[in-house]
Amino acid sequence: QKTSTSMEKEEVHLLSLPALPSLNSIQNPSSITYYPPILRQVWKWKDDTLGNGRDYILPKPRALRDFNSLLVGQSFTFLEDNDNNSNGGVKKRKVVVEECATLSNCARMDVLLSTKIITTSSSNNTTEEEDGTLLPITTSKEAVR
143 QKTSTSMEKE EVHLLSLPAL PSLNSIQNPS SITYYPPILR QVWKWKDDTL
193 GNGRDYILPK PRALRDFNSL LVGQSFTFLE DNDNNSNGGV KKRKVVVEEC
243 ATLSNCARMD VLLSTKIITT SSSNNTTEEE DGTLLPITTS KEAVR
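In our numbering, the protein residues as written are 143 to 287.
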């Protein structure tokens, strides 16, 4: 017999993009810490679109509005073990971005996200999507691989 419970909560997340050192400002290029390509790409986009602040920062409200609108309404779903459930059930979490604010200057870019998290716990070995598709259970260890 399948039983499920659902719970909603809201959370606020701060994503802070660290400044990357420029090659011109570093005395010893071999001492540069590795930064993932996606981080360099985001900084390039930030500098190209919002300004790099070397002279001064010009407000870019339309660019920030467009960036924020890309994030608002986005959602993702993941499954995890329900360790508190002796029946071997799973938890399905759906995270929805409800609001977004971005602060940017020459040295930083911060994105503040207000999210709604919908958690559904199930007591059997599958969980059903809205369209009836059954999703397999993955344990935390399997998800890391």
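For glycine and all other residues, C-beta sits at the position ideal for the given N, C-alpha and C. Treat the numbers as computed from the prediction; the structure is a model and nothing was measured.
Item to complete: Determine the contact status of F218 and T244, defining contact as a CB-CB distance below 8 Å.
Response: Taking 8 Å as the Cβ cut-off, F218 and T244 do not qualify as a contacting pair.
Worksheet item: Around the Cβ of M251, are there at least 16 other Cβ atoms within 10 angstroms (buried) or fewer (exposed)?
Response: Around the CB of M251, 16 or more other CB atoms lie within 10 Å, so the residue is classed as buried.
Fill in: Bounding residues of the alpha helix (DSSP H) (the contiguous stretch that carries V184)
179-192
Item to complete: Going by DSSP, name the residue or residues bridged to V238.
Response: S217, K258
Practice prompt. Let me know if T275 comes out buried or exposed under the rule of 16 or more other beta-carbons within 10 Å of its beta-carbon.
Written response: Residue placement at T275 cannot be trusted, given a pLDDT of 47 that sits under 50; what the coordinates show is reported in the next sentence. The residue in question, T275, is exposed, as its Cβ has fewer than 16 Cβ neighbours within 10 Å.
Worksheet item: Out of V253, K236, R235, which has the shortest C-alpha to C-alpha gap to C242?
Response: Here the closest residue by C-alpha is V253.
Item to complete: Return the CA-CA distance between V238 and L181, expressed in angstroms with no decimal places.
Response: Roughly 23 Å separates the two Cα atoms.
Practice prompt. Can you have a look at G215 and say buried or exposed, based on whether 16 or more other CB atoms are within 10 angstroms of its CB?
Written response: Residue burial is scored here from C-beta neighbours: G215 has fewer than 16 other C-beta atoms within 10 angstroms and is therefore classed as exposed.
Worksheet item: With DSSP run on the structure shown, which of helix, strand or coil describes A249?
Response: coil
Discussion item. Using a Cβ-Cβ cutoff of less than 8 Å, which residues in the same chain neighbour L162 once the five nearest sequence positions on both sides are dropped?
Written reply: Excluding positions up to five away in sequence, the list reads Y177, L181, R182, W185.
Fill in: Same chain only: Cβ atoms within 8 Å of L200, ignoring 5 sequence neighbours per side
G193
Worksheet item: Which one or two residues does DSSP pair with S148 in a beta bridge?
Response: Answer is T262.
Worksheet entry | Opposing strand residues paired with L156 [DSSP bridges] | L254
Worksheet entry | Cβ neighbour criterion (16 or more within 10 Å) applied to P278 | Unreliable placement is indicated for P278, whose pLDDT of 47 sits below 50; the coordinate value is still reported in the next sentence. With fewer than 16 Cβ atoms within 10 Å of its Cβ, P278 is classed as exposed.
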